[in-house]
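Taking full-length UniProt numbering, the leading residue of the sequence shown gets 1, the next gets one more, and so forth.
Notes follow the structure.
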Amino acid sequence: MSYNLFCRGGIEVKIAEISSRRPIAIFMLLTAVVFLGFISFQHLKLDLLPQIEYPYAVVITTYMGAGTEEVEELVTKPLEGYISSTPGVRRFTSMSMDSVSFILVEFDWNVKTSEAVGRLSRYVDLATRDLPEGANPVVVEFDPSLLPVYAFSTEDDYEDVVSKIKRLPEVASVEVMGKPEKIVEVILDQEKIKRFDVDPSLIETILSGNLVYPFGYVSDSEGNIYPVSVDGRFENIEDLKNTIVGFRGVKYQSLLQGKVPNILVPVRLRNIAEVNITNESVQGEVRVNGKKASLIAIYKRSGANTVKTVREIKRILRDSKINYIEAMNQAYYTERAIDNLLKNLLYG
Numbered sequence: 001m002s003y004n005l006f007c008r009g010g011i012e013v014k015i016a017e018i019s020s021r022r023p024i025a026i027f028m029l030l031t032a033v034v035f036l037g038f039i040s041f042q043h044l045k046l047d048l049l050p051q052i053e054y055p056y057a058v059v060i061t062t063y064m065g066a067g068t069e070e071v072e073e074l075v076t077k078p079l080e081g082y083i084s085s086t087p088g089v090r091r092f093t094s095m096s097m098d099s100v101s102f103i104l105v106e107f108d109w110n111v112k113t114s115e116a117v118g119r120l121s122r123y124v125d126l127a128t129r130d131l132p133e134g135a136n137p138v139v140v141e142f143d144p145s146l147l148p149v150y151a152f153s154t155e156d157d158y159e160d161v162v163s164k165i166k167r168l169p170e171v172a173s174v175e176v177m178g179k180p181e182k183i184v185e186v187i188l189d190q191e192k193i194k195r196f197d198v199d200p201s202l203i204e205t206i207l208s209g210n211l212v213y214p215f216g217y218v219s220d221s222e223g224n225i226y227p228v229s230v231d232g233r234f235e236n237i238e239d240l241k242n243t244i245v246g247f248r249g250v251k252y253q254s255l256l257q258g259k260v261p262n263i264l265v266p267v268r269l270r271n272i273a274e275v276n277i278t279n280e281s282v283q284g285e286v287r288v289n290g291k292k293a294s295l296i297a298i299y300k301r302s303g304a305n306t307v308k309t310v311r312e313i314k315r316i317l318r319d320s321k322i323n324y325i326e327a328m329n330q331a332y333y334t335e336r337a338i339d340n341l342l343k344n345l346l347y348g
């Protein structure tokens, strides 16, 4: 079979004859087409198209009033057992928080998502018999475009890593969950407050913020008037412990009115209270795959290249040498989709 090429002027030229007479020219032409195609492919926006079916589902279970550990033991772990035995499930990542269990399920790439979600729903329904009363799991087919472009959990110090990730031009925001906040715990001793005769309202006023507090005025024997204030901008816990919270036997209103005795005996916070730095009990405590950890979720800017963004994030993580577990990676499916596209182009 031969193919004919019709040119202007009515001249008929056979492609096969041209190829045989000018093989070098044809080879150079094909090489140029392949090269230009490769260059164009390199500049394509590497992202998943909206019409592609995403192989994700999420199992959300509410168990109101339960703490993180209760949710982990009574809800998340039983569900994990059933999800792990569901056909077509590639992997899953679970997070337990107060009153909520969240399990993100990824299906195999060659599995039809709608069918996989149906099977998962049936297995989750079976799991409800092992869940406590009031725990209601819901399976939802999920769109990863609403999810972070990348997420990881770690038990290491991540402050420097998050700071570098935030500076990436492709990153819109970074959300940290399960981070215990350092708080200052002040335990007042009522007996000591009575012994030093300190006005409790004055203590509350001083500790209510990180400001400079006026205490009124004090005059000396020559009639000079001096303002009295306490700098409440604490730089460390020792500053807080040494903060003057009152004067022995002096009421707050008396200080404001300038009615003070000639000799003021300061009372410091350490004289009437225990002051300690502790970790706040985090309401949003997160357990990833059964372990208490901090979860860092990274969201990309609109129109940003998914693959490039994830590569930059992983480069920062690799250079930082922190131990982490990958919880979400949208670039994985983007690269798989492109690989499949290239294979279809090459092999048909």
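For glycine and all other residues, C-beta sits at the position ideal for the given N, C-alpha and C.
- The beta carbons of Thr76 and Ile103 sit closer together than 8 Å.
- For the pair Ile272 and Leu168, the CB atoms are not nearer than the 8 Å cut-off.
- Assigned with DSSP and collapsed to three states, Arg270 falls in helix.
- Distances from the alpha-carbon of Val89 to those of Ala57, Ser101, Glu191 and Ile322 put Ala57 closest.
- The straight-line gap separating the alpha-carbon atoms of Val186 and Asp130 is approximately 43 Å.
- Gly134: not part of any alpha helix (DSSP H); DSSP gives it neither H nor E.
- The bridge partners DSSP lists for Ala151 are Ala297 and Met328.
- At the C-beta level, Ile298 and Val171 come within 8 Å of one another.
- By the neighbour-count definition (other C-beta atoms within 10 Å, threshold 16), Pro137 is a buried residue.
- Boundaries around Glu175 are those of the beta strand (DSSP E), Val171 to Met177, since no alpha helix (DSSP H) includes it.
- If you ignore the 5 residues before and after Ser121, its C-beta comes within less than 8 Å of the C-beta of Val139, all in its own chain and listed in chain order.
- Within the model, the alpha-carbon separation for Phe152 versus Leu295 is close to 6 Å.
- Between the alpha carbons of Lys314 and Val105 lies a distance of about 22 Å.
- For Gly246, DSSP records a beta bridge to Val267.
- If you check the CB distance, Ile244 and Arg270 do not come in under 8 Å.
- About 10 Å separates the CB atoms of Ile316 and Lys166; that is not less than 8 Å, and the two are not in contact.
- For the 8 Å CB-CB criterion, Thr68 and Ser96 form a contact.
- For Lys300, the closest C-alpha among the options Val100, Arg318 and Ser173 is that of Ser173.
- Ala337 sits in a helix when the DSSP states are folded into three classes.
- Runs of the alpha helix (DSSP H) lying entirely within the segment 77 to 139, each at least 4 residues long, are 77 to 84 and 113 to 127 in chain order.
- With contacts defined as CB atoms closer than 8 Å, Ser101 and Val71 qualify as a contacting pair.
- Per DSSP, Val198 is not a residue of any alpha helix (DSSP H), being assigned neither H nor E.
- Sequence-distant partners of Val111 (beyond 5 residues in either direction) whose C-beta falls short of 6 Å from its own C-beta, in its chain, are Gly88.
- With contacts defined as CB atoms closer than 8 Å, Gly178 and Ala32 fail to qualify as a contacting pair.
- A Cβ-Cβ separation of about 14 Å leaves Pro148 out of contact with Tyr333 under the 8 Å criterion.
- Ile60: member of the beta strand (DSSP E) spanning Tyr56 to Thr62, first to last residue.
- Proximity to Val59 across Ala66, Ser84 and Gly65 peaks at Ser84, based on C-alpha coordinates.
- As the crow flies, the alpha-carbon of Glu312 is around 15 Å from that of Asp160.
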